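Undergrad: So that we are looking at the same thing, I have put the structure below in structure tokens.
Number of protein chains: 2
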Amino acid sequence: MTPTASSAVVLSPVTGTPRLVDPLAPHVGLEDQGLTRGDGVFETLHVLDGDPYKFDAHHARLCASARTSGLPAPSAQLCREALALGLDAAPPGSRDPFRDLGAEHSVKLSVSRGVPGGQPWAWLTVAPVPEQTFAARRGGVSVLLLERGHDPAEDSDLPWLLPGVKTLSYAVNMAAVRHARSHGAQDAIFTTSTDHRILEGATSSVVCARTAADAPPTLLTPEPSRGILPGTSQARIFDAARRHGWAVDYGPLYPQDLLTASAVWLTSSVRLAVPVTAVDGRPVPTDPALTRSLTDFLLGRDSA
Amino acid sequence: MTPTASSAVVLSPVTGTPRLVDPLAPHVGLEDQGLTRGDGVFETLHVLDGDPYKFDAHHARLCASARTSGLPAPSAQLCREALALGLDAAPPGSRDPFRDLGAEHSVKLSVSRGVPGGQPWAWLTVAPVPEQTFAARRGGVSVLLLERGHDPAEDSDLPWLLPGVKTLSYAVNMAAVRHARSHGAQDAIFTTSTDHRILEGATSSVVCARTAADAPPTLLTPEPSRGILPGTSQARIFDAARRHGWAVDYGPLYPQDLLTASAVWLTSSVRLAVPVTAVDGRPVPTDPALTRSLTDFLLGRDSA
Numbered sequence: 001m002t003p004t005a006s007s008a009v010v011l012s013p014v015t016g017t018p019r020l021v022d023p024l025a026p027h028v029g030l031e032d033q034g035l036t037r038g039d040g041v042f043e044t045l046h047v048l049d050g051d052p053y054k055f056d057a058h059h060a061r062l063c064a065s066a067r068t069s070g071l072p073a074p075s076a077q078l079c080r081e082a083l084a085l086g087l088d089a090a091p092p093g094s095r096d097p098f099r100d101l102g103a104e105h106s107v108k109l110s111v112s113r114g115v116p117g118g119q120p121w122a123w124l125t126v127a128p129v130p131e132q133t134f135a136a137r138r139g140g141v142s143v144l145l146l147e148r149g150h151d152p153a154e155d156s157d158l159p160w161l162l163p164g165v166k167t168l169s170y171a172v173n174m175a176a177v178r179h180a181r182s183h184g185a186q187d188a189i190f191t192t193s194t195d196h197r198i199l200e201g202a203t204s205s206v207v208c209a210r211t212a213a214d215a216p217p218t219l220l221t222p223e224p225s226r227g228i229l230p231g232t233s234q235a236r237i238f239d240a241a242r243r244h245g246w247a248v249d250y251g252p253l254y255p256q257d258l259l260t261a262s263a264v265w266l267t268s269s270v271r272l273a274v275p276v277t278a279v280d281g282r283p284v285p286t287d288p289a290l291t292r293s294l295t296d297f298l299l300g301r302d303s304a
Numbered sequence: 305m306t307p308t309a310s311s312a313v314v315l316s317p318v319t320g321t322p323r324l325v326d327p328l329a330p331h332v333g334l335e336d337q338g339l340t341r342g343d344g345v346f347e348t349l350h351v352l353d354g355d356p357y358k359f360d361a362h363h364a365r366l367c368a369s370a371r372t373s374g375l376p377a378p379s380a381q382l383c384r385e386a387l388a389l390g391l392d393a394a395p396p397g398s399r400d401p402f403r404d405l406g407a408e409h410s411v412k413l414s415v416s417r418g419v420p421g422g423q424p425w426a427w428l429t430v431a432p433v434p435e436q437t438f439a440a441r442r443g444g445v446s447v448l449l450l451e452r453g454h455d456p457a458e459d460s461d462l463p464w465l466l467p468g469v470k471t472l473s474y475a476v477n478m479a480a481v482r483h484a485r486s487h488g489a490q491d492a493i494f495t496t497s498t499d500h501r502i503l504e505g506a507t508s509s510v511v512c513a514r515t516a517a518d519a520p521p522t523l524l525t526p527e528p529s530r531g532i533l534p535g536t537s538q539a540r541i542f543d544a545a546r547r548h549g550w551a552v553d554y555g556p557l558y559p560q561d562l563l564t565a566s567a568v569w570l571t572s573s574v575r576l577a578v579p580v581t582a583v584d585g586r587p588v589p590t591d592p593a594l595t596r597s598l599t600d601f602l603l604g605r606d607s608a
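Just so you know, the sequences run in chain order H and W.
For the first sequence, position 94 matches number 94 in my numbering, and the numbering has no gaps at all.
For the second sequence, position 147 matches number 451 in my numbering, and the numbering has no gaps at all.
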């Protein structure tokens, strides 16, 4: 789902003045520890008509990731300046052909530890949201459940394991998506190996809904404190749902909970709320009206 | 322990002609998945007087890592060509002031998935072995035991978790070393969280020895099949030890086994056999004669 950048901005060091660069030119040395060790952190932001959604939540998570990793992060103001510079230089965003939300960009903001003995630095790339993201929002994705090999809750008190940190070391997440695709699905959801508890998507959070006649829906997600990445999209959806009087709940979810839900989504910043259409080949119902509500919640277009 | 490269060679794509490049110039784009996702694999080789040690073992492990990751790897011949090109362009290697083994270089060979939609590529950097490595060989290192959060043996049948793959996603390994250093030690050894079984060093294998009067030493290492990286140095040491009639054993090792051993080492390609002087602040005996034997085993300088 990685788009190709149409503009790029570098901050080197992370306190430096944002500098527009050619997104296709080489900028990184062969000994940069972001490259040689996956040693850095990142955030992906959704920009709609030039407005970065959940900017504060993303910047706060970037700072938390950096702090746990012993890295500096660019200030919110520098990030906003870099973002404005990158957006100014980028072609107009793309538009979802199924539901035009506005001109959409995907922005990736990253910090690398830099070369040994050098200084950490940051960069930002701006890209149009790709067609396949629009298709996933509309048509949903089939997922495979893949064991995570351990319960990440075990990591949560062990800072050297970088619990809850969105690091550049994403090789396993990417391998999980490749594995799912090579087995006929489109994405992956991690589970614990012992009791097959639902954890998170390879690059998303998992949210499901239960509906009943004459009652507001209930939204559920795995406990965010248990070693999984705290999803900024999931949090935003839950905040809005509460305002609308929906019930929200955190707790252990198992494969059976997904299969018996009224609807299941993978939520992430740029993809928004992508309906899950099948889990391990077994169909899962979708609910276009609910998907639309969750998308509105994410974009602040709900009226509550 | 990462040295600064004095020469560099790029193969792009991995089947391309090795091309000497400026090691300090930028070569990598901001969307390279080696950088943005830690999506790639690597090997570190020790070169002594121009001769790469354990080349076949490293190339085989690179190919295995690449295969599990769905990446191509450069052929052994291309790697040797790249290595020759890089060594030719590099200043003479450094010499260990405590025991002159010859002119030593550290070579890192890596493969990245490249930019989305592009081709994987490989690179190699050549650097002199740094002073701190020589100091560690001589003076040893104190280590902290750090929980790995799970038993990697649980991963070994789950290919999407990249078991046994030396990926560029090394952020946790680096965080473990930083954690150890910030707590007064110099390196880290991972243990399981449940039963505190010894696994591996953050960037090395763990080997210990038991000696008794009038008998050859016994070397021990954790079971290499149980989800930890198969150490090429540990394997080379054990092969030579067997030829010398030493006993070798694999099996569960616990902290107490390290504390009661005759000597403990961290073994890795460039550091060779580094004596462990303390575990969690408790002293561990060292045995300079055994360290010398293990080093000779590694360099093929034993006469058996």
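Backbone N, C-alpha and C define an ideal beta-carbon position, used for all residues, glycine too.
Please read all numbers here as calculations on a predicted model, not as lab measurements.
#1: Residue 40/H and residue 112/H: beta carbons closer than 8 Å?
#2: So which of 146/H, 73/H, 283/H, 153/H has the shortest CA-CA distance to residue 178/H?
#3: For chain H, find out if any of its Cβ atoms is closer than 8 Å to the Cβ of residue 425/W; answer yes or no.
#4: Assign residue 271/H to one of three DSSP states: helix, strand, or coil.
#5: Closer than 9 Å, Cβ to Cβ, to anything on chain H: give me those residues from the segment 410-422 of chain W, in chain order.
#6: Quick one: which chain H residues come within Cβ less than 7 Å of residue 368/W?
#7: Please list the partners that residue 332/W has in chain H, where partner means a Cβ-to-Cβ separation under 8 Å.
#8: Determine which residues of the segment 61-92 of chain H have a Cβ less than 7 Å from any Cβ of chain W, and write them out in chain order.
#9: In chain W, which residues lie less than 7 Å from residue 13/H when you measure between Cβ atoms?
#10: Does the CB of residue 207/H have a neighbour CB from chain W at under 8 Å?
#11: Write down every uninterrupted run of the alpha helix (DSSP H) in the segment 22-88 of chain H whose length is 4 residues or greater and which is fully enclosed by it, in chain order.
#12: Going by DSSP, name the residue or residues bridged to residue 432/W.
#13: In chain H, which residues lie with their C-beta within 7 Å of the C-beta of residue 465/W?
#14: Would you mind sorting residue 387/W into buried or exposed? The rule is 16 or more other CB atoms within 10 Å of its CB.
#15: Any chance the segment 25-37 of chain H sits against the segment 77-91 of chain H, with 3 or more Cβ pairs inside 8 Å?
#16: Closer than 8 Å, CB to CB, is residue 323/W near chain H or not?
#17: Tell me whether the segment 419-429 of chain W and the segment 558-574 of chain W touch, counting them as touching only if at least three CB pairs, one residue from each stretch, are closer than 8 Å.
#18: Sort 128/H, 11/H, 60/H by Cα distance to residue 5/H and report the nearest one.
#19: Tell me, please, whether the CB atom of residue 516/W is closer than 8 Å to any CB atom in chain H?
#20: Can you confirm whether residue 327/W, when its beta carbon is compared against all beta carbons of chain H, has any partner nearer than 8 Å?
#21: Relative to the C-alpha of residue 13/H, which candidate in 51/H, 72/H, 57/H has its C-alpha closest?
#22: On a CA-only basis, which of 495/W, 380/W, 400/W, 456/W is nearest residue 443/W? Give me that one, please.
#23: I need the DSSP call for residue 447/W, collapsed to helix, strand or coil.
#24: Do the CB positions of residue 153/H and residue 227/H come within less than 8 Å of each other?
#25: By Cβ distance, which residues of its chain are closer than 8 Å to residue 501/W, with the 5 residues on each side in sequence left out?
#26: Determine the contact status of residue 126/H and residue 107/H, defining contact as a CB-CB distance below 8 Å.
#27: Quick one: measure Cβ to Cβ for residue 175/H and residue 464/W, integer angstroms, because I've assumed they're closer than 8 Å.
#28: Mind pulling the chain H residues with CB within less than 8 Å of residue 489/W?
#29: Taking 8 Å as the threshold (C-beta atoms), are residue 581/W and residue 590/W in contact?
#30: Output the boundary residues of the alpha helix (DSSP H) element that contains residue 237/H.
#31: Return no unless some Cβ of chain W is closer than 8 Å to the Cβ of residue 94/H.
#32: Pull up the DSSP beta-bridge partners for residue 553/W, would you.
TA: Concretely, from the data shown:
#1: yes
#2: 146/H
#3: For residue 425/W, the answer is no, since every Cβ of chain H falls outside 8 Å of its Cβ.
#4: Coil, per DSSP.
#5: For the segment 410-422 of chain W, the set of residues with a beta-carbon nearer than 9 Å to any beta-carbon of chain H comprises 412, 414, 416, 417, 419, 420, 421, in chain order.
#6: Neighbours of residue 368/W on chain H: none; closest Cβ ~14 Å, over 7 Å.
#7: 26, 27, 28, 29, 30, 32, 35
#8: 69, 70
#9: Result: empty, since nearest Cβ-Cβ is about 16 Å, beyond 7 Å.
#10: no
#11: Segments of the alpha helix (DSSP H) lying fully in the segment 22-88 of chain H: 33-37, 55-68.
#12: 409/W
#13: 149, 172
#14: buried
#15: no
#16: no
#17: Three or more Cβ pairs closer than 8 Å define a contact, and the segment 419-429 of chain W falls short of that threshold against the segment 558-574 of chain W.
#18: 128/H
#19: no
#20: yes
#21: Checking every option, the nearest Cα to that of residue 13/H belongs to 72/H.
#22: 400/W
#23: strand
#24: yes
#25: 455, 495, 526, 556, 557, 558
#26: With respect to the 8 Å criterion, residue 126/H and residue 107/H are classified as neighbours on the basis of their beta carbons.
#27: 5 Å
#28: Residues of chain H passing the Cβ test: none, with the nearest at roughly 12 Å.
#29: yes
#30: 232-243
#31: no
#32: 524/W
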